[in-house]
Every structure is written in structure tokens, then in C-alpha cells.
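Enquirer: Numbering (my numbering), first residue to last: 7 to 378. Take this structure, written in C-alpha cells, and hold onto it; I'll ask about it next.
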Ligand SMILES: Cc1ncc(COP(=O)(O)O)c(C=O)c1O
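Okay, structure coming up:
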């Protein structure tokens, strides 16, 4: 099987790091203070086994019960847990081939889904999005390869790596048409004009997945959560590792929920910068897709050099972006929105590189596993 490839995490603080969709702003001062104060004698004790103080706050935020929430060691842990809870591995299955062994998702979307399926020995049903990464109309009426009876469906909305947001009406139709558990992966929802949380109340098989990594500047603490119907959340708790969420992470996330105005301001800044950077790159004739996230997909102008050259030349100038060579988006660079100054340097560097004519490709980083 192919392992999941995380983005490069270099040590050099001088690099302009726009490659892994992290938040460019630090956590709120009171969040840092809460974490500092939690470092002490108490570290010898186990944390709360099911993160109840944090779950209580999340339940209040989303207007649901404590039993509708599970917290994980990042959303990734919960996505893995869901494959274990809801999907029958094909190799161990005593039943005939059926939808119970299938995980379904659109392509391109979050590249972890196929890895989770492979680890679990599940079958996959990959349904290609349209070339502009919108949902194929036929999928809404149960054709285009969309299966209505599968164990688990992952839908990334807004999509990653495409950046598009889907209409709730369309997602509602997909949920109506699809049996089995549906996870609406909303890692980037805080940067979008709407979200799918209302669908949790409408369906008994829909879970919304969120993370503190992107909008809440807590990648390092690894906190994600699901909001869903009680029976599904109870099932996940049954098979979850004890003490799966580290204590400092619980403290940081709970403190974050007391500081939402600080984060909303940062989110607004990132959205403004996203629109500014999009306009800047479009002036340079890049094909930039509309985004409802904290990143953009941008294809360099025709005749300016291949995308890997752009990746390489930006890398040499200390600007890290992401390029996925083995995928449907290989023409694009994925650029995380940084601070205004970082985005300006990126814009200026792009202008300078364009002046120097078509960029040659040295093939330097081609073999690095971090770039896949
Ligand atoms: C679509 C999507 N879902 C989930 C995650 C994982 O989030 P976490 O950091 O909480 O594990 C990511 C992280 O990049 C993501 O892009």
C-alpha cells in the first residue's frame, strides 16, 4: 500500500511556509497562558479519558448534547476510527461482496481516505469530480458511479485540495440518496460562507467532522472532533483508545473556545488575504480556482514553465508551497494563505520569476517523498 505523505516540516524559521495549510497567526495569548499553567506537577496524571470538559463546551457551541460529540487526536484519528467502526474489511468478511465493505469518496479530495481504506482492507468507490471540481450532476441522481449502498462515505466540504464549497441542497440530496454513514469533513469550514452542521439534525447517518488545526492555530496539539447522532458517536467511543486526547491539547482547545472573537478576526484577515493573493496571481495570468478555505490552487500561466519548475524555483527562494505530482491536480500549486507580508513576498517573487522567461526544471526535488 501507499502510505500517506505529510507535507515538509523544515526547521528553518526563515522559510516562508505555505505548504501545509497551517494558520499563520499564533494562538490567543490566553490559550498560551492556559497551556503554560497546565505544565507542572499535574503532568504525571492521566488526562480526562473522554475529554468531557472540552466536549461540554463543544456541545454548548453547537447546541447539541455531550453524547453527540467525540474528540480525537486530530480529526485524522477520528477518520481512522470511523473506518474501523463502520466498514467491514473485505479480507475478513464472511458475507458475500457487498456495500458493507465499501468506502466512497470523490476524487480529488483528502488524500488520507484511500490510505485509511487500504489499511483497513476495505474496497473503495472513487467518484471523479468534474474538471472544475464541482460535484457531477449525475451523482446527485445516483449515477456517475455514485453508489447508494456503501458502508462509509467521506465528503470534504469545502473540498481539499480543490477549495470549492458545495451547496447544502446538493449535499442534502447526496445524504438522502446514500445509505451507510456519511462523514462531512469540514476541516476548512471556518473559512467558508456556510457549513453543513444543520444536516446533523436532519439525518440519522450524518456526522460532521471538525478540527482545531486550521482556523484555531492548534495543529501541534492535535485536536479534532465529530458531531453526530448519538448511536454513532457511542459506537466510536466503544472502540476508541483510552485517553486518546492528550491533556495539554484538551486544555488548549477548551481555552480556545473562550477566545472565539480573536480567532474570528484572524479568519477574516486570512479570507481578505486569500482574495488579495488570488487577484494578484490572476494578474500574472495564473489560473486560480475560487476557494472557500485557507489555501488556493493556482496553475502557472501557459508557457511560463512546468508546475514542478515553479515549485522548485520558489523552494530555492525560501518559499514552500505544495505540489502533488501524482494526482489530478499536478498542474496546480497549492498555496496556504500566509501573513500579508509573506503573501506580498510570494507575489513579488512570482513577478520576478515571470520576467526571467520560462522556468527551466532541474528535477531536484522530484524524488522527495514529501512532495507527493
Ligand atoms: C480535509 C482534511 N481533513 C482532515 C484533516 C486533518 O485534520 P487534523 O489536523 O485535525 O488531523 C486535514 C488536514 O490537513 C484536511 O485537509
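Note that beta-carbon positions come from the ideal geometry of N, C-alpha and C, so glycine has one too.
1) May I ask you to report which of helix, strand or coil DSSP gives residue 22?
2) Count the CB pairs spanning the stretch 184 to 204 and the stretch 45 to 56 that are closer than 8 Å, and state whether there are at least three.
3) With C-beta atoms as the reference, is residue 169 less than 9 Å away from residue 276?
4) When you compare only the Cα positions, how much space is there between residue 93 and residue 56?
5) How would you call residue 368, buried or exposed, if buried means at least 16 neighbouring beta carbons within 10 angstroms?
6) For ligand 1, is there a heavy atom less than 8 Å away from the beta-carbon of residue 81?
7) Taking the Cβ atom as the reference point for each residue, do residue 5 and residue 333 lie within a distance shorter than 9 Å?
8) Within 10 angstroms of its Cβ, does residue 240 collect 16 or more other Cβ (buried), or is it exposed?
9) By the 10 Å Cβ neighbour count, where 16 or more other Cβ atoms means buried, how is residue 321 classified, buried or exposed?
10) Given a cut-off of 9 Å, decide if residue 95 and residue 299 are closer than it, judged by their beta-carbon atoms.
11) Please name the residue, chosen from 234, 341 and 340, that lies closest to residue 69 on a Cα-to-Cα basis.
12) Mind checking whether residue 212 and residue 245 have CB atoms under 9 Å apart?
13) For the alpha helix (DSSP H) that residue 277 lies in, which residues bound it at each end?
14) Less than 8 Å between the CB of residue 222 and some heavy atom of ligand 1, yes or no?
15) Indicate the three-state DSSP secondary structure (helix, strand or coil) for residue 189 in the structure shown.
16) Look at the Cβ atom of residue 30, then the Cβ atom of residue 278, and state whether they are nearer than 9 Å.
17) Per DSSP, residue 134 forms a beta bridge with which residues?
18) Output the residue ranges of the alpha helix (DSSP H) runs that lie fully inside the stretch 21 to 107 and measure 4 residues or longer, sorted by chain position.
19) Given a cut-off of 9 Å on the beta-carbon distance, is the pair residue 5 and residue 250 in contact?
20) Roughly how many angstroms separate the alpha carbons of residue 297 and residue 339, rounded to a whole number?
21) Three-state secondary structure (DSSP) at residue 155?
22) Which residues share a DSSP beta bridge with residue 201?
23) For residue 328, which of helix, strand or coil comes out of DSSP?
24) Could you check whether residue 352 and residue 315 sit closer than 9 Å to each other, using their CB atoms as the reference points?
Expert: This is what the structure gives:
1) strand
2) no
3) no
4) 23 Å
5) exposed
6) yes
7) Here the chain comprises residues numbered 7 to 378, so residue 5 is not present and cannot be evaluated.
8) exposed
9) buried
10) no
11) 234
12) no
13) 266 to 289
14) no
15) strand
16) no
17) 113
18) 35 to 44, 58 to 68 and 81 to 92
19) With the chain covering only 7 through 378, there is no way to say anything about residue 5.
20) 13 Å
21) strand
22) In DSSP, residue 201 forms no bridge with anything.
23) strand
24) no
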